[in-house]
Amino acid sequence: MAAAAASRAAGAKQVLREIRIHLCQRSPSSQGVRDFIEKRYVDMKKTHPDLPILIRECSDVQPQLWARYAFGQEKNVSLNNFSVDQVTKAVENVLSGKA
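Counting the sequence shown from 1 gives a position; this note's numbering is that position plus 30.
(1) Taking a contact to mean a Cβ-Cβ separation below 8 Å, would you say Gln55 touches Ser89 in this structure?
(2) Let's test the definition: count the other Cβ atoms within 10 Å of the Cβ of Pro58 and tell me whether it reaches 16, buried, or not, exposed.
(3) Return the chain-ordered ranges of every beta strand (DSSP E) run that is complete within the segment 87 to 118 and spans a minimum of 3 residues.
(4) Leaving out the 5 sequence neighbours to the left and right, which residues in its chain are closer than 8 Å to Ala120 when beta-carbon positions are compared?
(5) Should Ala100 be labelled buried (16 or more other beta-carbon atoms within 10 Å of its own) or exposed?
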């Protein structure tokens, strides 16, 4: 039974279930992520209204983008010292399935 479920999971296209963005409120390494949220989050949410997009702020955390797929699979991308354009590209890659 478990082997059948694993087989289906391996053969199935990865379906994006959720995006989480982790960042620090004050850290210079999170500046591009903060700028992305201020300038581009609303447009992204309008484009993908049914996709949960969670913003997690925590002191001294390294900025990261997490993508959660079906069957609990997750991938993450470091956003450390990224510019707003680099963050945008990382998010677009996750949304398009390239990351």
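By construction, the Cβ of each residue, glycine as well, lies at the ideal position given by its N, Cα and C atoms.
Keep in mind the model is a prediction, meaning the values are calculated, not measured.
Inspection of the coordinates gives the following:
(1) yes
(2) exposed
(3) 94 to 99 and 104 to 108
(4) Leu95, Val107, Leu109, Phe112 and Ala129
(5) exposed
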